[in-house]
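Offset between the sequence shown (1-based) and our numbering: plus 846.
One structure below.
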Amino acid sequence: MKRGYFIVAQITGPAREAVLDVQQWADPKLAKETRPHVTLVGSSGVGPIPTDTPVEALRDALTPVGEASAPMTLQFGRPMRFMQTDIIVLPLDPHGALRALHERIATSGLRFARARFSFSPHCTLNFFTTLTPASERRLLRVRVPEPVVIDRIQCYLTVEPVGGRQVLDLALGSASPARNA
């Protein structure tokens, strides 16, 4: 388990409900403990931010990132097995606006632990459940054609893979100050 600050983008828009519906039947524990989201910092691309980083430093580094990053509408790809795991995810294109947001965070001056994977943005459909061949086939047939809206980023003090305490919430494309949660 990695402890640190993770930065996520909670999914809003029509895709949120579609993903939540899948999570509720595929992995009720995951659906109960987290909101549908894409992890931007913590597990891929860059690792978690050390816990000794003051929340004020997070706010100072991330506010310009949020201001420089417009809200985005994205599309999920077909479900896939996450690298070397039994976890099924909905991938997002790792290029374009989402990559630019990730790079702004990664070059914001914050310190990061080492990441386990290259940047591979996705939304997790199952994590805690053990897949049977039938449940795996069912998950791999899922399609979420609704648009994925990312218009905020949140920073959580957490122990991976789920849970944690939100410490910062920041609108994208906004000159308004970050909110503490």
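Where a beta carbon is used, it is the ideal one built from N, C-alpha and C, also for glycine.
Judged by their CB atoms, V884 and C1001 are not nearer to each other than the 9 Å cut-off. Scanning its chain for C-beta atoms nearer than 6 Å, with the 5 sequence neighbours on each side dropped, one finds no residue around S981. Distance between D898 and R945, taken at the CA atoms: about 26 Å.
Following the DSSP letters along the chain, one finds A861 inside the alpha helix (DSSP H) bounded by residues 860 to 872. Taking all protein chains in view, the Cβ of R960 is surrounded by fewer than 16 other Cβ atoms within 10 Å, so the residue is classified as exposed. Rounded to whole angstroms, V1013 and V901 show a C-alpha spacing of 7 Å. One Cα belongs to R962, the other to V887, and the distance between them is close to 11 Å. G850 sits buried, since 16 or more C-beta atoms from the chains shown fall within 10 Å of its C-beta. DSSP places D906 in the uninterrupted alpha helix (DSSP H) bounded by 901 to 914.
When R984, R987, L936 are compared, the shortest CA-CA separation from P967 is found for L936. If you look at L947, you'll find it in the alpha helix (DSSP H) that goes 943 to 952.
Remark: C-beta atoms of A952 and M918 do not approach each other more closely than 9 Å. Membership of R849 in the beta strand (DSSP E) is indicated by the continuous run 849 to 856.
Between the alpha carbons of S889 and A914 lies a distance of about 23 Å.
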